[in-house]
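**Student:** Here it is, the structure, as structure tokens.
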Amino acid sequence: PSWIMGDFHYHNEYEIYLTMTDGIKIFVNGKTYQANRGALVVYNSSDMHRVVIPPDVEYERYVIHFMPEYINHLSQPDADLLDCFMNRGIDFRHIIQLNDEQLDYLLGLFKKALSHYQSPTYGSSIYNQIILAEILLFINPLFSTITPPIITSNGYMTVQPILKYIHENIDNQLSIKDI
2 PSWIMGDFHY HNEYEIYLTM TDGIKIFVNG KTYQANRGAL VVYNSSDMHR VVIPPDVEYE
62 RYVIHFMPEY INHLSQPDAD LLDCFMNRGI DFRHIIQLND EQLDYLLGLF KKALSHYQSP
122 TYGSSIYNQI ILAEILLFIN PLFSTITPPI ITSNGYMTVQ PILKYIHENI DNQLSIKDI
């Protein structure tokens with residue numbers, strides 16, 4: 002029998018989702034995407050989503066859930082590891098189709114992380130954090146626009162850290178004093 006996802010839902014953490022099954026439908030925030038093997042999807046903690054699998058199809062996918070705090074400390078000014086989860090334009094597409102080379106590379110990373118998770122050895126937690134960083138370094142450019150906007154306004158540079166703080170702390174009680 003086909004795997005069935007219930008209602009729309011969201012997670013407190015971020016999600017990287019790689020489908021290995023053809024012909025599925027993914028619904029995110031009012032958008033519908035057709036997905037096939039090698040489709041990569043990213044969800045942040047406010048993305049309402051649902052996956053629908055055709056009847057009688059064996060469903061295979063890889064999923065990574067993580068809290069932003071787990072990895073964000075590794076971000077640098079030239080590499081925001083959470084960029085594809087946080088810095089989205091109005092026309093953001095949650096899904097991209099990987100080519101065979103990209104899929105093979107990403108599968109290698111997913112399988113390495115799964116191996117450390119299933120058979121923990123000395124340093125497995127560190128390895129998994131490094132592997133997640135490598136996955137994020139790989140996928141963020143895939144989700145970025147071809148020509149990123151050039152921002153020259155000093156006002157934007159002042160407001161951007163505030164917006165980032167609000168997003169990272171949206172589940173907490175916030176006051177103007179905190180910001």
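The sequence shown runs contiguously to residue 180 in my numbering. Don't be surprised by glycine CBs; every beta carbon is placed ideally from N, CA and C. The structure displayed is predicted, hence computed values, not measured ones.
#1: Isoleucine 177: buried (16+ other C-beta within 10 angstroms of its C-beta) or exposed?
#2: What first and last residue would you give for the alpha helix (DSSP H) that runs through glutamate 102?
#3: Can you have a look at alanine 36 and say buried or exposed, based on whether 16 or more other CB atoms are within 10 angstroms of its CB?
#4: Indicate the three-state DSSP secondary structure (helix, strand or coil) for leucine 75 in the structure shown.
#5: Straight-line CA distance for valine 52 to glutamine 174?
#6: Could you give the C-beta distance for leucine 82 and alanine 114, rounded to a whole number, given that I count them as a contact under 8 Å?
#7: With a cut-off of 8 Å, do at least 3 Cβ pairs link the segment 10 to 17 to the segment 37 to 52?
#8: Quickly, what does DSSP pair phenylalanine 144 with across the bridge? List them, please.
#9: Beta-carbon separation of tyrosine 63 and phenylalanine 111 under 8 Å?
#10: Can you tell which of Phe93, Tyr128, Ser126 and Ile136 has its C-alpha closest to the C-alpha of phenylalanine 144?
#11: How is the beta strand (DSSP E) around phenylalanine 67 delimited, first residue to last?
#12: Could you tell me the alpha carbon to alpha carbon distance between methionine 68 and valine 58, rounded to whole angstroms?
#13: Provide the residue(s) that pair with isoleucine 91 in DSSP beta bridges, ordered along the chain.
**Tutor:** Result, derived from the coordinates:
#1: So isoleucine 177 ends up on the exposed side.
#2: 101 to 119
#3: buried
#4: coil
#5: 32 Å
#6: In fact, because the Cβ distance is near 15 Å, the residues do not count as touching under 8 Å.
#7: yes
#8: Paired residues: none, contrary to the question.
#9: Yes, the pair counts as a contact, with Cβ atoms nearer than the cut-off.
#10: Among Phe93, Tyr128, Ser126 and Ile136, the Cα nearest to that of phenylalanine 144 is on Phe93.
#11: 62 to 67
#12: 31 Å
#13: Isoleucine 91 pairs with nothing; no bridge assigned.
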